[in-house]
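Read the structure below first, then the notes.
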Amino acid sequence: MTTSLLIHRAGPAMTVQDLGRPGHMGQGLSMGGAADRTAFIEGVALLGQSLSCAAIEMAAFGGEFSTTADIRIALTGAPMKATLDGEPLVWTASHLVKAGQRLSIGPARTGVYGYLHVGGGIHTTPFLGSRATHLTAGIGGVLASNQTLPIGPDSHRGDVGKTLTPEGRFEGGSVRVLPSVQTDNFPGVVRTRFEMTGFKRTPRGNRQGIELVFDGRPFATGEQLTILSEPMVAGDIQMTGEGIPFVLLPECQTTGGYPRIGTVLPCDLPIVAQATAGSALSFRFVDHATALQTHKSPAQILAQLTTSTRPLVRDPRAIRDLLAYQLVGGVVNALEGDRIE
Amino acid sequence: MLVTFSDVLTDGANSAALAFRAAVEALGLDGVSETSTSLTSTFVTYDPLLLARDALRARLQELTEDRVWSAAPLPTNRVLWTIPAVFGGEEAGPQLEEAARLAGVSPDVAVAELCAKPLRVMTLGFAPGQPYLGSLPKNWDIPRQSDLTKRVPIGAITVAIRQIVLFSTSTPTGWRQVGKCGFHAFRPNAPEPFALKPGDEIRFRSVSDQDFANLQAGDQSGDGGAIREGLG
Chain A
1 MTTSLLIHRA
11 GPAMTVQDLG
21 RPGHMGQGLS
31 MGGAADRTAF
41 IEGVALLGQS
51 LSCAAIEMAA
61 FGGEFSTTAD
71 IRIALTGAPM
81 KATLDGEPLV
91 WTASHLVKAG
101 QRLSIGPART
111 GVYGYLHVGG
121 GIHTTPFLGS
131 RATHLTAGIG
141 GVLASNQTLP
151 IGPDSHRGDV
161 GKTLTPEGRF
171 EGGSVRVLPS
181 VQTDNFPGVV
191 RTRFEMTGFK
201 RTPRGNRQGI
211 ELVFDGRPFA
221 TGEQLTILSE
231 PMVAGDIQMT
241 GEGIPFVLLP
251 ECQTTGGYPR
261 IGTVLPCDLP
271 IVAQATAGSA
281 LSFRFVDHAT
291 ALQTHKSPAQ
301 ILAQLTTSTR
311 PLVRDPRAIR
321 DLLAYQLVGG
331 VVNALEGDRI
341 E
Chain B
342 MLVTFSDVLT
352 DGANSAALAF
362 RAAVEALGLD
372 GVSETSTSLT
382 STFVTYDPLL
392 LARDALRARL
402 QELTEDRVWS
412 AAPLPTNRVL
422 WTIPAVFGGE
432 EAGPQLEEAA
442 RLAGVSPDVA
452 VAELCAKPLR
462 VMTLGFAPGQ
472 PYLGSLPKNW
482 DIPRQSDLTK
492 RVPIGAITVA
502 IRQIVLFSTS
512 TPTGWRQVGK
522 CGFHAFRPNA
532 PEPFALKPGD
542 EIRFRSVSDQ
552 DFANLQAGDQ
562 SGDGGAIREG
572 LG
């Protein structure tokens, strides 16, 4: 019998995601996929499974879940308060969830997108080779309370209790940008001012892109309303008719008629996606050679993250009821926080 | 990597982009992950770990000099769709009068011009399956609006810069909506989700509200009463 994930309560913008659906740009369909691809791959690494295993993306708010059979989970991305039958769970770690236990995930403490991965992956029917929900294209939809999702067969049952330390990316920061086709449409002084400007993310934004605000004149090229639409990709920084920047995310349109000043490096894009409203972001141009040094395929990132996973060490001071645990040999001094598992 | 044949839209530059994309596909270069076209450009997505940027640039440069791309023939197996549509009115075409004024004609003449001849699917883009159709006569070289329309429906017929965009999803837009049809360019539940391909042609046929309603009633196909003919 198929194992199911029961969603008792869903946050407002919860979706099924994987690494997206490449190959359809020429048909107007952008790749889509997890807003924070790094976080997605972290979950794959923690569960030791395939990059094709889909997970649940939670935007700022979590939800309540249970399952019909014992499953493995991993929690990654924006740290959220998670409990299992009331006991706190470590974020960016893998855990066992037994049939009928209640997994409760609260709002994000920092950052935007959190991920709930399950061993075997969320097993919805793929569309054009991917399970990623693409809201703007109308592929799949937002997950709702009382919905049930199928879980795929898990080949590593029981392998839990791993963690890794995510790279900090949940509070804005400096982001590297590669010049692109229309960068030269912006005069040099405008490009310099762009690098000197401190931007803030506004509340306006979704999986398609986010809006930035700043003090100063708009970043206009002067011919915004009549230029031809050209291809665009996630990471592009587009200037609207008012000269206000939008950074595009995985569900962006495939072509756009507004000029783009540059493209955020893929490895830095999670910083943009995870920036909460009001977070500071700044941009600096790098050349192709520098960008190339940072570039890794998902498989390479997975290999790197897999080697940096380590056993989850539980701090006894964080355990509410020590008596519920069998302390091996009774020699562990709980107050000093020795390893007990 | 973007190969652009013109900064302004011409039929020749569009043909060039389509033919050049096919030629890049035919090269079968290792490391090229995806190709697409915009109105006058071919876009080549590649993995810089597998294919060096300079090597790709050299191959594409060489290919641009291989023939006169603007004279290249259009793709084969093209289709002509004749699509019934309603123009004007608060719901179907709230900006017809404004767009006609910008194009320097009356609303009636505007509709006649928009329906006068088949328009080529110059590219699919922005949203899944969504066609940019052109080229309209010169007087339709009108700008996008600087404010956005909050939301146009699926099937919205919108105009700007000598083109029509037939919306495949419901989104905000800077293009002015002059009409509406029942043709779904993106059909997520159909065996072939993308109804159109670049090079196909669309001719709009202006019908009354009543005829439009009759044509849509009971349509399950997503064609919205459109008629399909092969162009060879």
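If you read the protein sequences in the order shown, they are chains A and B.
For the first sequence, my numbering gives the first residue as 1, with consecutive numbering after it.
For the second sequence, my numbering gives the first residue as 342, with consecutive numbering after it.
Glycine is no exception: its CB is placed at the ideal position from the N, C-alpha and C atoms.
Residues bridged to S174(A) by DSSP? S282(A)
Span separating the alpha-carbon of E57(A) from that of G114(A): 6 Å
Three-state secondary structure assigned by DSSP to T381(B): coil
Can you tell me the Cα-Cα spacing of H8(A) and V313(A), whole angstroms? 30 Å
Under a CB-based cut-off of 8 Å, is F127(A) close to chain B? yes
Member of G520(B), S562(B) and S476(B) whose CA lies at the smallest distance from the CA of G353(B): S476(B)
Whose Cβ in chain B lies nearer than 7 Å to the Cβ of V181(A)? L343
Can you list, in chain order, the residues of its chain with a C-beta nearer than 7 Å to that of A413(B)? Leave out the 5 residues immediately preceding and following it. So the list reads S356, A357 and A360, once near-sequence residues are dropped.
Which same chain residues end up closer than 7 Å to A531(B) when comparing Cβ atoms and leaving out the 5 residues on each side of it in sequence? The residues G563, in chain order, have a CB closer than 7 Å to that of A531(B) in the same chain once the five nearest residues on each side in sequence are set aside.
Using C-beta distances below 8 Å, list every residue in its chain close to P534(B), excluding the 5 sequence neighbours before and after it, in chain order. P469, G470, F527 and R528
Contact between the segment 479–494 of chain B and the segment 267–283 of chain A: three or more CB pairs below 8 Å? no
Interface flag, V328(A) vs chain B, CB-CB below 8 Å: Low confidence applies here, because V328(A) scores a pLDDT of 41, under 50, leaving its location unreliable and the question unanswered by this model.
Beta-carbon proximity list for P435(B), same chain, < 7 Å, skipping 5 on both sides: Q518
Quick check on I41(A): buried or exposed, where buried means 16 or more other Cβ atoms within 10 Å of its Cβ? buried
Just how far apart, CA to CA, sit L47(A) and G119(A)? 6 Å
Taking CB distances under 8 Å as the criterion, tell me whether T499(B) reaches chain A. no
Among residues of its own chain, excluding the 5 on either side of L335(A), which ones have a beta-carbon nearer than 7 Å to its beta-carbon? Because the pLDDT of L335(A) is 36, which lies under 50, any placement of that residue in the model is unreliable, and the question is left without a value.
Along the beta strand (DSSP E) that carries N206(A), what are the first and last residues, could you check? Taken as a continuous stretch (DSSP letters only), the beta strand (DSSP E) holding N206(A) covers F199 to N206.
Using the beta-carbon of each residue, which ones in chain A are nearer than 9 Å to D348(B)? I227 and L228
Which residue or residues does DSSP assign as beta-bridge partners of Y115(A)? E57(A) and T76(A)
Report yes if the CB atom of E542(B) is closer than 8 Å to the CB atom of L507(B), and no otherwise. no
Alpha helix (DSSP H) segment containing P270(A), residue limits: L269 to A273
Figure out for me which residue from E403(B), L421(B) and Q551(B) has the closest Cα to the Cα of F428(B). Q551(B)
Any idea what DSSP makes of G106(A), helix, strand or coil? strand
Show which residues of chain A have a CB atom less than 7 Å away from the CB atom of T514(B). None at all; the shortest Cβ gap to chain A is about 10 Å.
Under 8 Å by Cβ, that's how I've got T163(A) and A93(A) pegged, so tell me the actual separation to the nearest angstrom. 4 Å
Partners in chain A for S562(B), counting only beta-carbon separations shorter than 8 Å: Correct list: empty, because the minimum Cβ distance to chain A is about 17 Å.
Listing by chain order, which chain A residues have their CB less than 9 Å from the CB of L390(B)? L292, H295, K296, S297 and Q300
Between the CA atoms of H134(A) and L323(A) - distance to the nearest angstrom: Residue placement at L323(A) is poorly supported in this model, since its pLDDT is 47, which falls under 50; the coordinates still yield a value, given next. Near 47 Å, if we compare the C-alpha coordinates of H134(A) and L323(A).
In chain order, what are the residue ranges of uninterrupted alpha helix (DSSP H) at least 4 long that sit wholly in the segment 363–408 of chain B? 394–405
Buried/exposed call for L98(A), threshold 16 Cβ in 10 Å: Residue 98(A) is actually Lys in this sequence, not Leu. With fewer than 16 other Cβ atoms within 10 Å, it is exposed.
In angstroms, rounded to a whole number, what distance separates the CA positions of F246(A) and L370(B)? 33 Å
Quick one, which of A554(B), Q561(B), L537(B) and S549(B) has its alpha-carbon nearest W422(B)'s? L537(B)
List the residues that DSSP assigns as beta-bridge partners of H8(A). Per DSSP, none; premise fails for H8(A).
Any idea what DSSP makes of A34(A), helix, strand or coil? coil
DSSP-derived helix/strand/coil call for D550(B): helix
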